[in-house]
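A.B. asks: Anchor point for the sequence shown: position 7 equals 7 in full-length UniProt numbering, and the numbering is continuous, going up by one each time.
Please see the structure below; I have some questions.
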Amino acid sequence: MAEEPGFGIGDWGFEEAALRSALQQVGRLPGCAETKPCIPRVGGHAPGMAPVAPFNAASANPESLPSRAALRRSQARGPVVRRRASSLPNPGARERARGFTLLEVLIALLILSLTLVALIRAAGLQAQALNHHRDSTLAQWVASNVAAELRAQGAPPVGRQQGEMRMGPQRWRWQAETSDTDVERVRRMEITVFAAEGDSLAGSEADPVARLTAFATP
1 MAEEPGFGIG
11 DWGFEEAALR
21 SALQQVGRLP
31 GCAETKPCIP
41 RVGGHAPGMA
51 PVAPFNAASA
61 NPESLPSRAA
71 LRRSQARGPV
81 VRRRASSLPN
91 PGARERARGF
101 TLLEVLIALL
111 ILSLTLVALI
121 RAAGLQAQAL
131 NHHRDSTLAQ
141 WVASNVAAEL
151 RAQGAPPVGR
161 QQGEMRMGPQ
171 RWRWQAETSD
181 TDVERVRRME
191 ITVFAAEGDS
201 LAGSEADPVA
211 RLTAFATP
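Encoded structure:
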C-alpha cells in the first residue's frame with residue numbers, strides 16, 4: 001500500500017537541534033537512559049518506544065497549523081535572552097549620565113564669575129584698609145615728632161607754624177596752631193598732618209591724615 005502523501009517535521013523548517021532542545025525542556029522521554037535522552041526521528045523510533053509516524057497534513061486542521069511565514073519569523077527572532085533585573089536599562093541613570101546641558105554650564109560660569117568679582121572686590125577693600133591704616137600710623141608719628149621738636153625749642157610762639165617732614169615712603173606736610181590756655185604758662189598746640197603736594201595721598205586741608213593735640217610750657 002502506498003504511503004499517504006504528507007510532510008514531516010522537517011517540512012516546517014524546524015532544525016533537529018531546536019526540536020531536541022524543546023523536548024529536553026519538557027522532560028526526558030520514558031524508556032531512555034537518564035544521561036542521554038532519546039530524541040525520536042522522523043521515519044524511525046527510539047529503543048523501547050513506538051515508531052513515530054510521519055505527520056499527515058490531510059488529517060490535520062489547517063487552522064491549527066502555523067503558517068510558513070510565522071515559522072520564518074520565529075526563526076528570524078533568534079533565541080530569547082533573559083536579563084537580570086539589575087542589568088535592565090534604567091532611564092533615570094541614562095538621563096543622569098548624559099552630563100550637563102549648555103544652560104547649566106552657563107549658569108555655573110555666571111555664578112563663578114560673580115563669586116570671583118566679589119572676592120576681588122573684598123581683597124581690594126582689604127588692601128585699601130591696610131594702606132589707610134599704614135598712612136594713618138605714619139602721619140601720627142609725624143605729628144608726634146613735630147610736637148617733640150616744638151617742645152624742645154622752649155615755649156612755642158602763639159600762632160601758626162608749618163613745614164614738611166619725610167616719614168616712610170612719602171613726604172608729609174604739617175601745620176601747628178599754638179594758642180594760650182586758661183592755665184598760666186601752658187600753651188595748646190593743634191598739629192595737623194597732610195600728605196605733601198605731588199604725593200598720591202595729597203588732598204585738601206579739610207581731609208587731614210592725622211591730628212594731634214599737645215601742650216607745652218616755656
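Where is the CB? At the ideal position from N, CA and C, for every residue including glycine.
What you are looking at is a predicted structure, and each value in this text was computed from that prediction instead of being measured.
Per DSSP, what kind of secondary structure is Thr137 in: helix, strand or coil?
C.D. replies: Helix, per DSSP.
A.B. asks: Can you tell which of Leu109, Gly154, Glu197 and Thr181 has the C-alpha that lies nearest to the C-alpha of Met165?
C.D. replies: Glu197
A.B. asks: Checking the sheet assignment: what are the DSSP bridge partners for Arg72?
C.D. replies: Answer by DSSP bridge pairing: none, since Arg72 is not bridged.
A.B. asks: Look up Gln126 in the DSSP assignment and say whether it is helix, strand or coil.
C.D. replies: helix
A.B. asks: Just curious, the beta strand (DSSP E) that Phe215 is in, first and last residue?
C.D. replies: Under the DSSP assignment, Phe215 falls in the beta strand (DSSP E) whose first and last residues are Ala210 to Ala216.
A.B. asks: Could you tell me if residue 228 is buried or exposed, where buried requires 16 or more neighbouring beta carbons within 10 angstroms of its beta carbon?
C.D. replies: It is not possible to answer for residue 228, since the shown part of the chain is limited to 1 through 218.
A.B. asks: Leaving aside the five residues before and after Arg185 along the sequence, list all residues of the same chain whose C-beta is less than 7 Å from its C-beta, in chain order.
C.D. replies: Thr217 and Pro218
A.B. asks: Give the range of the beta strand (DSSP E) segment to which Arg188 is assigned.
C.D. replies: Arg187 to Ala195
A.B. asks: Could you tell me the alpha carbon to alpha carbon distance between Ala155 and Gln126, rounded to whole angstroms?
C.D. replies: 43 Å
A.B. asks: For Arg187 and Leu119, what's the separation of their Cα atoms in angstroms?
C.D. replies: When rounded, the distance between both Cα atoms is 51 Å.
A.B. asks: In chain order, what residues of the same chain lie with their CB nearer than 8 Å to the CB of Gln161, ignoring the 5 residues before and after it?
C.D. replies: Leu150, Gln175, Ala176 and Thr178
A.B. asks: Do you know whose CA, among Pro169, Ser136 and Ala122, lies nearest Asp207's CA?
C.D. replies: Ser136
A.B. asks: Taking the DSSP output, what are the residues bridged to Arg166?
C.D. replies: Arg171
A.B. asks: Assuming contact is defined by CB atoms lying nearer than 7 Å, are Val146 and Met167 in contact in what I supplied?
C.D. replies: no
A.B. asks: So what's Val177 in DSSP terms, helix, strand or just coil?
C.D. replies: Checking the sequence shown, residue 177 turns out to be Glu, not Val. It is a strand residue.
A.B. asks: Taking the CB atoms as reference points, tell me whether Val209 and Val183 lie closer together than 7 Å.
C.D. replies: Cβ distance not < 7 Å, so Val209 and Val183 don't count as in contact.
A.B. asks: Cβ of Ala214 within 7 Å of Cβ of Met189?
C.D. replies: In this structure, Met189 lies closer than 7 Å to Ala214 by Cβ.
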